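Protein chains in written order, with the working numbering: chain W, 1138 to 1447; chain X, 21 to 450. For each residue, glycine too, the CB sits at the ideal point set by N, CA and C. The structure presented is a predicted model; accordingly, all values stated were derived computationally and were not measured. Notes for the one structure printed next.
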């Protein structure tokens, strides 16, 4: 079994069989991570460059650990902020890196489309670690893995993504991945944070958090970027928390069995209270742990995939 | 030197002329239209005998960026005008957003000097405000005297409603229009049209309403001041409706559209190729349909390319950072012939109107006549030629076009003006 593509750019259009293969492989790697020596020689001799054009701590560390545990040589290349108007062009940077004979590139960039562009100018396998507000497929895959691990299935579940959908790269990767796996996906947030045309992706839209809690098996709660209120997307943090924040009372009242995910980092007291963030409803740290296994699976499947393999 | 077009069809919509016959041009003047060429005429003449050629009044592109002064690496006056002639245009109006901006008689004189010797004439659209800063009015009287045919702060809308009001009032003394780049900068600020496709492509969106509010402001101020207001590169359905309603009310409002806006849509951004990034952005299918309606019912007066050359290191970069704009001079006529005439949206006569008559009426320029004794200011097209555009061979210094390797039906095959003939990518003196 192998994946249907040489790259992982997003989950839109990715077949269910690919997602299932990644989840199964990740389950195997998760067992490796429970051993005293958490390392396999699978990608020995392969070089992976983590090309991060945006600050990221957890995603980059998660990838780096995954690479090291597969015995790949991991190199980090971080550029803070945009490179607009200074120094070399993105294309030149990529060509320079490739000239050093690398096998895979993990890329994070503020502009959507950069991972796709990389596949055109570079020969390496490309993994999207987040591009603009487009996709963040490895995050969605680890979310799906975590849901499946906890609830035993994804098919038929009602899953709601809560928060700033318009500015999220995680939201849509989750929508596509969960839909491919047979879940019913909805979103919940202030109307200023729900992007236009979203209904065409087949998701239901809530503006009432109580209903969203009551009608869903899983809530995947996104981080609110606090600076958004300065641009008028919401009046203030207090109001956001009051109308869209998760509290223990709300969960107890509407659906005590709901499962809470959060891709981190959490704004405690904004998206959810500390009681929720540390309570029994959530699997936030399991998500982080699963992230390494899921990324190992993706690196392994792409890194060992033969050219033109079907 | 003599040139003869044999068995050509002459279409001059202004004079209701539509005839077939031979055309003899000698030393840049139309000597004879119709009839058949005698041996004596043909002696020493460059005879072009191709079936189905159409001879029209010279085409005019009222919206181009020549980039000189300031970005001569992307385009010069000479290279831009060569691309214009190659695309069938005998006249262009160029935008003032150069570095420095064209806001003085000296700046106009500089471009005029650079344009010397070209077949295609270049008319300045000068800045509305000094330095395009949106503060003080440019010296409009002096600029008109120096040759300015319109005013625009293109690249941005006129910065304030009060300044636009004064510009409309003041420029109206000379009968010169204000050409507005309709974009509210607070509402805009994205990289592609806002809608379903910006949502799934993950790019920040520019809503159509960012254009519509500035069109509405201009229409109201044109009504209030009596000035002439021209909407550059109209792209949204609602803006087209606003222009239609304004015209019905007798307000002096006109509009142009670019070929890329009547050919491509927001969905085409899917490859993140920055040659699909322009301002206004490619809009929805619904907006495109409205544009075709607007062309049909004459709400849209002119087709203009918004030719916007960019050096490769500027244009080939991350989508959100890439500058807006694409080449247009060499593909405008082929796109109109393929997408409008070929798909029966417009007749060939109406298409000629949008290229030759509409822009000159807006800018109050004389319309070339197809008549004996008149200077030959002509565009010759072959509406049936099937050919592939090769951007690598463009006369422009830049290569930023989404139409490279596109198959067209219809081609500008020659242009004549200023005593010169452009044919097969070369200029000859007549």
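Please confirm whether residue i and residue j have their CB atoms less than 9 Å apart.
i: residue 1156 of chain W; j: residue 1146 of chain W; result: no
i: residue 125 of chain X; j: residue 163 of chain X; result: yes
i: residue 302 of chain X; j: residue 281 of chain X; result: yes
i: residue 84 of chain X; j: residue 288 of chain X; result: no
i: residue 1432 of chain W; j: residue 1283 of chain W; result: no
i: residue 1295 of chain W; j: residue 1354 of chain W; result: yes
i: residue 350 of chain X; j: residue 297 of chain X; result: no
i: residue 223 of chain X; j: residue 1270 of chain W; result: yes
Just verifying my parser: in three-state terms, what is the DSSP assignment at residue i?
i: residue 1291 of chain W; result: coil
i: residue 252 of chain X; result: coil
i: residue 37 of chain X; result: strand
i: residue 77 of chain X; result: strand
i: residue 276 of chain X; result: strand
i: residue 61 of chain X; result: helix
i: residue 1189 of chain W; result: strand
i: residue 1344 of chain W; result: coil
i: residue 1214 of chain W; result: strand
i: residue 1164 of chain W; result: helix
i: residue 1221 of chain W; result: In this prediction, residue 1221 of chain W scores a pLDDT of 46, lower than 50, which makes its location untrustworthy; the coordinate-derived value is nonetheless stated afterwards. Of the three classes helix, strand and coil, the one that applies to residue 1221 of chain W here is coil, per DSSP.
i: residue 225 of chain X; result: strand
i: residue 1371 of chain W; result: coil
With a cut-off of 9 Å, does the C-beta of residue i fall near any C-beta of chain X?
i: residue 1290 of chain W; result: no
i: residue 1145 of chain W; result: no
i: residue 1315 of chain W; result: no
i: residue 1370 of chain W; result: no
i: residue 1322 of chain W; result: no
i: residue 1221 of chain W; result: Bear in mind that the predicted position of residue 1221 of chain W carries a pLDDT of just 46, short of 50, making it too unreliable to give a figure here.
i: residue 1338 of chain W; result: yes
i: residue 1254 of chain W; result: yes
i: residue 1268 of chain W; result: yes
i: residue 1299 of chain W; result: no
i: residue 1228 of chain W; result: yes
i: residue 1271 of chain W; result: yes
i: residue 1249 of chain W; result: yes
i: residue 1246 of chain W; result: yes
Using a Cβ-Cβ distance under 9 Å, would residue i count as near chain W?
i: residue 34 of chain X; result: no
i: residue 421 of chain X; result: no
i: residue 40 of chain X; result: no
i: residue 190 of chain X; result: no
i: residue 358 of chain X; result: no
i: residue 223 of chain X; result: yes
i: residue 338 of chain X; result: yes
i: residue 345 of chain X; result: no
i: residue 90 of chain X; result: no
For the beta strand (DSSP E) that contains residue i, what are its first and last residues?
i: residue 1430 of chain W; result: Residue 1430 of chain W -> not in any beta strand (DSSP E); alpha helix (DSSP H) instead, spanning 1421 to 1440.
i: residue 447 of chain X; result: 446 to 449
i: residue 1240 of chain W; result: Here residue 1240 of chain W belongs to no beta strand (DSSP E), and DSSP marks it neither H nor E.
i: residue 24 of chain X; result: 22 to 32
i: residue 436 of chain X; result: 427 to 437
i: residue 113 of chain X; result: 109 to 114
i: residue 1357 of chain W; result: 1355 to 1358
i: residue 355 of chain X; result: Note, residue 355 of chain X: premise wrong, no beta strand (DSSP E); alpha helix (DSSP H) at 352 to 355.
Shortest alpha-carbon distance to residue i belongs to which of the options?
i: residue 1259 of chain W; options: W:1279, W:1246, W:1233; result: W:1233
i: residue 1301 of chain W; options: W:1174, W:1377, W:1184; result: W:1377
i: residue 78 of chain X; options: X:395, X:358, X:223; result: X:395
i: residue 53 of chain X; options: X:32, X:203, X:70, X:63; result: X:32
i: residue 463 of chain X; options: X:110, X:199, X:131; result: A query on residue 463 of chain X cannot be resolved here, the shown segment of chain X reaching from 21 to 450 and no further.
i: residue 1345 of chain W; options: W:1173, W:1294, W:1372, W:1299; result: W:1299
i: residue 19 of chain X; options: X:188, X:208, X:429, X:204; result: With chain X covering 21 to 450 only, the question about residue 19 of chain X has no answer from this structure.
i: residue 1356 of chain W; options: W:1332, W:1363, W:1321; result: W:1321
i: residue 1267 of chain W; options: W:1308, W:1373, W:1208; result: W:1308
i: residue 197 of chain X; options: X:381, X:405, X:153; result: X:381
i: residue 19 of chain X; options: X:61, X:69, X:64, X:51; result: Nothing in the structure corresponds to residue 19 of chain X, since chain X is present only between 21 and 450.
i: residue 275 of chain X; options: X:378, X:127, X:101, X:122; result: X:378
i: residue 266 of chain X; options: X:235, X:411, X:253; result: X:235
i: residue 37 of chain X; options: X:372, X:277, X:437; result: X:372
i: residue 338 of chain X; options: W:1168, W:1214, W:1250, W:1241; result: W:1250
Taking the continuous alpha helix (DSSP H) assigned at residue i, which residues delimit it?
i: residue 327 of chain X; result: That residue, residue 327 of chain X, is in no alpha helix (DSSP H); it is neither H nor E in DSSP.
i: residue 217 of chain X; result: 216 to 221
i: residue 1378 of chain W; result: 1374 to 1381
i: residue 410 of chain X; result: Looking at the DSSP string, residue 410 of chain X is not in any alpha helix (DSSP H), and its letter there is neither H nor E.
i: residue 244 of chain X; result: 229 to 245
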